Each structure stands twice: as structure tokens, then as C-alpha cells.
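Undergrad:
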Amino acid sequence: MASVEERNKASIVRFYDEIINQGNVAVVDELMEPNFVHYGETLFPRIEGSEAIKAGVLGVKNAYPDGHTVVEDMVAEGDTVVCLLSWRGTHRGPFMGIPPTGRVSTWRGISTYRFNAEGRIIERWANMDVIGQLQDLGVVPEIRLG
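In my numbering, the protein residues as written are 965 to 1110.
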């Protein structure tokens, strides 16, 4: 029998493969609690509920149809999984009020997930390079030190 940590890591792999990369939002109902909460950075500071997550995923897939996340590393302990992520996509639709640019955008980030006893995701804390993503789109100037 798989450990709790192995089960939770397998759920994270499914989350990114099926929900984020493929846009299959039906899987949200299998992996996440209906009252799931996402805590993030400036662009997506707090998102509550599985229906809001589905809408967010579909919005990003519309803006970046080829968007793809790679889970570069994962560490699990008890009810928590921490992931190192990278993402890449071509901006083909409106995103956060920004019209399509056709530019490739990338970011790296870290997300921490918490699971309940039944193995469903109840919480995500995300930190990603949002400024770099906006710079890729040409809407924020590059920051140069010195």
C-alpha cells in the first residue's frame, strides 16, 4: 500500500497533467475539496472554491492554449507537498486585461499543497515569478540593477 506522501504526490502529478496542462477541469472534483482555497501572489491573491478554480484554469487555457507546467521536483511530508514548477506558454488570448501578444511567456515558482485525511487537496500556497511573466509579455519593463 502506498504511503500518504506517495498518494499525495501522485495527486499533484495528476493535478498538473490533467487539470493544468490538459484543461480537464472535471478532475478538479476528484482531487480537490469543494471549499478548496488558493493563496497566491498579486495576480491571484485568493481564490475560493472548486468552481472558481475551474474558471481560473479555463481562463488561463484560453489565454495560453499551449501552456504547460513541468513539476521539476516534489517533497512530501505528512499532509503537505511542496513543488518546484516551471511553466511556458504562448499568449494567444486575453489575460488579466492584456490583449493577446503572441509572445512566449515563462515563469518558475513554488507551490505548497495541503491535503485532508481522504487525500483531497484543501489548500494551495503559490509563489511564482509574475513580474517575469509580465515582462515576457512586454507590459512591464525589465528591471536592471546598477
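In this text, a Cβ means the ideal position worked out from N, Cα and C, and glycines have one as well. Computed from a predicted model, the values in this text were never measured in an experiment.
(1) Let me confirm a value: residue 1066 is counted as buried when at least 16 other C-beta atoms fall within 10 Å, else exposed. Which label applies?
(2) Express the C-alpha separation of residue 1031 and residue 985 in angstroms, rounding to a whole number.
(3) Alpha carbon to alpha carbon, how far is residue 1027 from residue 1109? Give it in angstroms, no decimals.
(4) What separation, rounded to the nearest whole angstrom, lies between the Cα atoms of residue 1039 and residue 998?
(5) Taking residue 978 as the reference, give the member of 1033, 1010 and 1011 with the closest Cα.
(6) Quick one: is residue 1090 buried, meaning 16 or more other Cβ sit within 10 Å of its Cβ, or exposed?
(7) Threshold first: 3 residues or longer. Then list the beta strand (DSSP E) segments lying entirely within the segment 1017 to 1044, N to C.
(8) For residue 1024, collect the residues of the same chain with a Cβ closer than 7 Å to its Cβ; drop the 5 residues on either side in sequence, then sort them by chain order.
(9) Count the other CB atoms within 10 Å of the CB of residue 1088; is the residue buried (16 or more) or exposed (fewer)?
(10) Just how far apart, CA to CA, sit residue 1045 and residue 1062?
(11) Mind listing, in chain order, the continuous alpha helix (DSSP H) runs of no fewer than 4 residues lying wholly within the segment 967 to 1004?
(12) Buried or exposed for residue 1100, going by 16 or more other Cβ atoms inside 10 Å?
(13) So the beta strand (DSSP E) residue 1068 belongs to, where does it begin and stop?
(14) Return the chain-ordered list of same chain residues with a C-beta closer than 8 Å to the C-beta of residue 1104, the five sequence neighbours on each side being excluded.
(15) Go to residue 1085, then tell me how far its beta strand (DSSP E) extends in each direction, as first and last residue.
TA: Working from what's here:
(1) One-based indexing of the sequence shown puts residue 1066 at position 102. Its Cβ having fewer than 16 others within 10 Å, residue 1066 is exposed.
(2) Translated into the one-based positions of the sequence shown, residue 985 becomes position 21. Translated into the one-based positions of the sequence shown, residue 1031 becomes position 67. One C-alpha to the other measures close to 7 Å.
(3) Within the sequence shown, the letter at position 145 stands for residue 1109. Within the sequence shown, the letter at position 63 stands for residue 1027. Going from the Cα of residue 1109 to the Cα of residue 1027 covers about 31 Å.
(4) Along the sequence shown, one-based indexing puts residue 1039 at 75. Along the sequence shown, one-based indexing puts residue 998 at 34. Distance between the alpha carbons of residue 1039 and residue 998: 25 Å.
(5) By 1-based counting over the sequence shown, the position of residue 978 is 14. Comparing Cα-Cα distances from residue 978 to each of 1033, 1010 and 1011, the minimum goes to 1033.
(6) Residue numbering aside, residue 1090 sits at position 126 when the sequence shown is read from its first letter. By the 10 Å Cβ count, residue 1090 comes out buried.
(7) 1032 to 1041
(8) Reading the sequence shown from its first residue, position 60 is the one you call residue 1024. So the qualifying residues of the chain are 1031.
(9) In the sequence shown, residue 1088 corresponds to position 124, counting from 1. Buried: at least 16 other Cβ atoms inside 10 Å.
(10) What you label residue 1045 is simply residue 81 of the sequence shown in a count that begins at 1. What you label residue 1062 is simply residue 98 of the sequence shown in a count that begins at 1. Going from the Cα of residue 1045 to the Cα of residue 1062 covers about 32 Å.
(11) 968 to 978 and 992 to 995
(12) On the sequence shown, residue 1100 is found 136 positions in, with the first residue counted as 1. Under this definition residue 1100 is a buried residue.
(13) Indexing the sequence shown from 1 puts residue 1068 at position 104. Looking at the DSSP string, the run of the beta strand (DSSP E) that includes residue 1068 is 1068 to 1079.
(14) Here residue 1104 is taken as the residue at index 140 of the sequence shown, counted from 1. The answer, listed in chain order, is 1095 and 1098.
(15) Translated into the one-based positions of the sequence shown, residue 1085 becomes position 121. Residue 1085 -> beta strand (DSSP E) spans 1085 to 1092.
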